[in-house]
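Beneath this line is the structure, given in C-alpha coordinates, with notes to follow.
In this note's numbering, the protein residues as written are 2 to 224.
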(Lines of atoms letter the chains of each structure in order from A; the text may use other names.)
(Lines give C-alpha, C1' and ligand atoms only; values in the text may rest on other atoms or scores of the structure.)
Protein backbone atom coordinates (compact mmCIF):
# COMPACT_ATOMS: atom_id res chain seq x y z
CA UNK A 2 0.00 0.00 0.00
CA UNK A 3 1.40 3.41 -0.94
CA UNK A 4 1.92 6.21 1.50
CA UNK A 5 -0.75 8.25 -0.26
CA UNK A 6 -3.30 5.45 -0.03
CA UNK A 7 -2.54 4.82 3.64
CA UNK A 8 -2.70 8.53 4.31
CA UNK A 9 -6.32 8.65 3.16
CA UNK A 10 -7.32 6.10 5.78
CA UNK A 11 -9.18 7.03 8.94
CA UNK A 12 -6.86 8.13 11.73
CA UNK A 13 -5.90 5.16 13.84
CA UNK A 14 -5.93 6.96 17.19
CA UNK A 15 -4.35 9.81 19.12
CA UNK A 16 -0.94 10.47 17.58
CA UNK A 17 1.89 12.59 19.00
CA UNK A 18 2.11 16.26 18.14
CA UNK A 19 4.91 17.80 16.07
CA UNK A 20 7.73 18.87 18.36
CA UNK A 21 6.87 16.22 20.94
CA UNK A 22 9.49 13.83 22.31
CA UNK A 23 8.83 10.12 21.79
CA UNK A 24 10.72 6.85 22.16
CA UNK A 25 11.38 4.26 19.48
CA UNK A 26 11.38 0.62 20.61
CA UNK A 27 12.18 -2.29 18.33
CA UNK A 28 15.68 -1.54 17.03
CA UNK A 29 18.84 -3.10 18.53
CA UNK A 30 20.13 0.21 19.89
CA UNK A 31 16.77 1.15 21.40
CA UNK A 32 14.93 2.45 23.14
CA UNK A 33 15.98 5.75 21.56
CA UNK A 34 14.50 9.20 21.99
CA UNK A 35 13.35 10.98 18.85
CA UNK A 36 11.50 14.20 18.09
CA UNK A 37 8.25 14.08 16.12
CA UNK A 38 8.56 16.43 13.16
CA UNK A 39 5.46 15.72 11.07
CA UNK A 40 2.09 14.05 11.57
CA UNK A 41 -0.28 13.51 8.66
CA UNK A 42 -3.25 11.18 9.26
CA UNK A 43 -1.63 7.81 10.03
CA UNK A 44 1.87 8.85 8.93
CA UNK A 45 4.48 10.09 11.40
CA UNK A 46 7.93 11.45 10.59
CA UNK A 47 10.54 11.80 13.31
CA UNK A 48 14.13 12.92 13.20
CA UNK A 49 16.68 10.18 12.63
CA UNK A 50 17.46 8.15 15.77
CA UNK A 51 21.02 8.65 16.96
CA UNK A 52 23.42 7.31 19.56
CA UNK A 53 26.28 9.64 20.44
CA UNK A 54 25.46 11.72 17.38
CA UNK A 55 25.72 8.72 15.04
CA UNK A 56 22.61 7.91 13.00
CA UNK A 57 21.14 4.46 13.64
CA UNK A 58 19.81 3.08 10.35
CA UNK A 59 16.33 1.57 10.32
CA UNK A 60 15.38 -0.64 7.42
CA UNK A 61 12.09 -0.22 5.58
CA UNK A 62 9.38 -2.62 6.75
CA UNK A 63 10.90 -2.86 10.23
CA UNK A 64 8.14 -3.18 12.83
CA UNK A 65 8.51 -0.60 15.60
CA UNK A 66 6.71 0.80 18.60
CA UNK A 67 6.49 4.55 19.18
CA UNK A 68 5.88 5.46 22.84
CA UNK A 69 4.54 8.89 23.79
CA UNK A 70 1.79 10.64 25.75
CA UNK A 71 -1.43 12.16 24.41
CA UNK A 72 -3.50 14.29 26.78
CA UNK A 73 -1.33 12.95 29.63
CA UNK A 74 -2.24 9.34 28.76
CA UNK A 75 0.61 6.96 27.81
CA UNK A 76 0.19 5.65 24.25
CA UNK A 77 1.91 3.01 22.15
CA UNK A 78 1.73 3.27 18.36
CA UNK A 79 2.59 0.09 16.47
CA UNK A 80 4.08 1.10 13.17
CA UNK A 81 6.20 0.10 10.18
CA UNK A 82 9.20 2.02 8.91
CA UNK A 83 9.03 3.01 5.24
CA UNK A 84 11.55 4.54 2.85
CA UNK A 85 11.64 8.33 2.66
CA UNK A 86 9.20 9.35 -0.10
CA UNK A 87 10.71 11.12 -3.07
CA UNK A 88 11.03 14.85 -2.56
CA UNK A 89 10.25 14.62 1.17
CA UNK A 90 12.53 15.59 4.08
CA UNK A 91 14.91 13.03 5.53
CA UNK A 92 13.86 11.36 8.73
CA UNK A 93 12.34 8.19 10.09
CA UNK A 94 9.02 7.73 8.26
CA UNK A 95 6.44 5.52 9.95
CA UNK A 96 3.07 4.17 8.88
CA UNK A 97 1.03 3.65 12.05
CA UNK A 98 -1.16 0.55 12.08
CA UNK A 99 -2.69 0.88 15.54
CA UNK A 100 -2.54 2.98 18.69
CA UNK A 101 -3.19 1.70 22.19
CA UNK A 102 -4.14 4.16 24.90
CA UNK A 103 -2.98 2.88 28.26
CA UNK A 104 -4.97 3.99 31.27
CA UNK A 105 -2.81 5.14 34.17
CA UNK A 106 -3.45 1.95 36.09
CA UNK A 107 -2.43 -0.06 33.00
CA UNK A 108 0.93 1.63 32.47
CA UNK A 109 3.65 -0.97 32.04
CA UNK A 110 5.38 -1.69 35.33
CA UNK A 111 8.85 -3.19 35.65
CA UNK A 112 10.56 -4.58 38.76
CA UNK A 113 12.95 -2.16 40.44
CA UNK A 114 14.59 -2.81 43.81
CA UNK A 115 16.23 0.37 45.13
CA UNK A 116 15.75 2.61 48.15
CA UNK A 117 13.40 5.59 48.29
CA UNK A 118 12.51 8.30 50.78
CA UNK A 119 9.03 9.78 51.32
CA UNK A 120 8.62 13.04 53.21
CA UNK A 121 5.69 15.28 54.11
CA UNK A 122 5.11 17.97 56.75
CA UNK A 123 1.33 17.66 57.10
CA UNK A 124 0.65 14.87 57.80
CA UNK A 125 4.09 14.14 59.18
CA UNK A 126 5.75 11.45 57.05
CA UNK A 127 9.45 10.58 56.98
CA UNK A 128 9.72 7.03 55.69
CA UNK A 129 12.61 5.16 54.12
CA UNK A 130 11.14 2.59 51.72
CA UNK A 131 12.18 -0.03 49.19
CA UNK A 132 10.78 0.15 45.67
CA UNK A 133 9.10 -2.96 44.27
CA UNK A 134 8.24 -1.82 40.76
CA UNK A 135 7.97 1.38 38.73
CA UNK A 136 6.05 2.66 35.70
CA UNK A 137 5.95 5.92 33.78
CA UNK A 138 3.14 7.08 36.08
CA UNK A 139 4.04 5.81 39.53
CA UNK A 140 5.92 3.50 41.85
CA UNK A 141 5.08 0.71 44.30
CA UNK A 142 6.88 0.98 47.63
CA UNK A 143 7.42 -1.44 50.50
CA UNK A 144 7.30 0.36 53.86
CA UNK A 145 7.51 -0.46 57.57
CA UNK A 146 4.19 1.27 58.27
CA UNK A 147 1.22 2.44 56.18
CA UNK A 148 1.28 5.86 54.53
CA UNK A 149 -2.44 6.40 54.25
CA UNK A 150 -2.82 10.08 53.38
CA UNK A 151 -4.48 10.23 49.98
CA UNK A 152 -4.62 13.36 47.86
CA UNK A 153 -1.67 14.96 49.66
CA UNK A 154 1.42 15.78 47.54
CA UNK A 155 4.50 14.29 49.16
CA UNK A 156 8.19 14.60 48.41
CA UNK A 157 9.50 11.37 46.89
CA UNK A 158 13.17 10.68 46.23
CA UNK A 159 14.20 7.44 44.50
CA UNK A 160 17.86 6.56 44.93
CA UNK A 161 18.71 4.83 41.65
CA UNK A 162 22.34 4.06 42.53
CA UNK A 163 25.04 2.93 40.07
CA UNK A 164 26.21 6.51 39.56
CA UNK A 165 22.71 7.68 38.60
CA UNK A 166 21.35 10.93 40.00
CA UNK A 167 18.43 10.57 42.41
CA UNK A 168 14.96 10.90 40.89
CA UNK A 169 13.03 13.46 42.96
CA UNK A 170 9.42 14.49 42.42
CA UNK A 171 6.04 14.98 44.06
CA UNK A 172 3.79 11.94 44.42
CA UNK A 173 0.44 11.05 45.96
CA UNK A 174 -0.69 7.86 47.65
CA UNK A 175 -3.06 5.87 45.43
CA UNK A 176 -3.46 2.65 47.44
CA UNK A 177 -2.21 1.00 50.60
CA UNK A 178 -2.24 -2.77 51.17
CA UNK A 179 -0.71 -5.09 53.71
CA UNK A 180 1.52 -7.59 51.93
CA UNK A 181 0.63 -11.26 52.55
CA UNK A 182 4.36 -11.98 52.64
CA UNK A 183 5.02 -9.82 55.72
CA UNK A 184 8.71 -9.17 56.29
CA UNK A 185 10.41 -6.08 57.68
CA UNK A 186 8.47 -3.88 55.27
CA UNK A 187 5.00 -5.46 55.29
CA UNK A 188 3.11 -2.55 53.66
CA UNK A 189 2.70 -1.95 49.93
CA UNK A 190 2.12 1.71 49.10
CA UNK A 191 1.27 2.62 45.51
CA UNK A 192 2.15 6.24 44.67
CA UNK A 193 1.30 8.21 41.52
CA UNK A 194 3.73 10.83 40.28
CA UNK A 195 2.17 14.31 40.14
CA UNK A 196 3.16 17.54 38.42
CA UNK A 197 6.17 16.07 36.62
CA UNK A 198 8.18 18.44 34.48
CA UNK A 199 8.70 17.26 30.91
CA UNK A 200 12.34 16.42 31.59
CA UNK A 201 11.26 14.22 34.51
CA UNK A 202 8.56 12.50 32.43
CA UNK A 203 11.18 11.73 29.80
CA UNK A 204 13.63 10.42 32.38
CA UNK A 205 11.22 8.04 34.12
CA UNK A 206 9.84 6.78 30.80
CA UNK A 207 13.36 6.14 29.56
CA UNK A 208 14.13 4.31 32.82
CA UNK A 209 11.13 2.00 32.35
CA UNK A 210 12.01 1.27 28.71
CA UNK A 211 15.65 0.55 29.52
CA UNK A 212 14.61 -1.72 32.38
CA UNK A 213 12.20 -3.59 30.07
CA UNK A 214 14.99 -4.07 27.55
CA UNK A 215 17.37 -5.33 30.25
CA UNK A 216 14.80 -7.84 31.51
CA UNK A 217 14.09 -9.11 27.98
CA UNK A 218 17.80 -9.66 27.41
CA UNK A 219 18.08 -11.63 30.63
CA UNK A 220 15.03 -13.73 29.74
CA UNK A 221 16.47 -14.62 26.33
CA UNK A 222 20.01 -15.14 27.60
CA UNK A 223 21.39 -12.30 25.46
CA UNK A 224 23.11 -10.35 28.25
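Even for Gly, the Cβ is constructed at its ideal location relative to N, Cα and C.
Computed from a predicted model, the values in this text were never measured in an experiment.
Residue i in three-state terms, based on DSSP
i, result
"residue 132", "strand"
"residue 47", "strand"
"residue 209", "helix"
"residue 165", "coil"
"residue 201", "helix"
"residue 214", "helix"
"residue 120", "strand"
"residue 89", "coil"
"residue 125", "coil"
"residue 147", "coil"
"residue 110", "coil"
"residue 177", "strand"
"residue 52", "strand"
Spatial neighbours of residue i in its chain, beta-carbon cut-off 8 Å, leaving aside the 5 residues before and after
i, result
"residue 106", "Note that residue 106 scores 49 on pLDDT, short of 50, meaning its location in the model is unreliable and no value can be drawn from it."
"residue 36", "20, 21, 22, 23, 47, 48"
"residue 91", "49, 85"
"residue 203", "22, 34"
Cross-strand partners of residue i (DSSP beta bridge)
i, result
"residue 21", "Bridge partners of residue 21: none, in fact."
"residue 99", "79"
"residue 171", "156, 195"
Boundaries (first-last residue) of the beta strand (DSSP E) holding residue i
i, result
"residue 159", "155-160"
"residue 78", "74-83"
"residue 195", "188-195"
"residue 41", "33-41"
"residue 64", "64-71"
"residue 144", "139-144"
Sequence-distant residues of its chain with Cβ nearer than 6 Å to residue i (five each side left out)
i, result
"residue 121", "155"
"residue 84", "61"
"residue 135", "113"
"residue 171", "154, 195, 196"
"residue 17", "23, 37, 69"
"residue 213", "111"
CB-CB length for residue i against residue j, believed under 8 Å
i, j, result
"residue 101", "residue 125", "About 41 Å; that fails the 8 Å criterion."
"residue 59", "residue 80", "So it is not a contact: roughly 11 Å between Cβ atoms."
"residue 32", "residue 165", "So it is not a contact: roughly 17 Å between Cβ atoms."
"residue 96", "residue 25", "Actually they do not touch by this definition, with Cβ atoms about 14 Å apart."
C-beta neighbour in chain C for residue i, strict 7 Å
i, result
"residue 140", "In the structure shown, chain C does not exist; there is a single protein chain."
Proximal residues to residue i (C-beta, below 7 Å), its chain only, five neighbours per side dropped
i, result
"residue 175", "139, 191, 192, 193"
"residue 137", "75, 108, 205, 206, 209"
"residue 57", "28, 30, 33, 50, 51"
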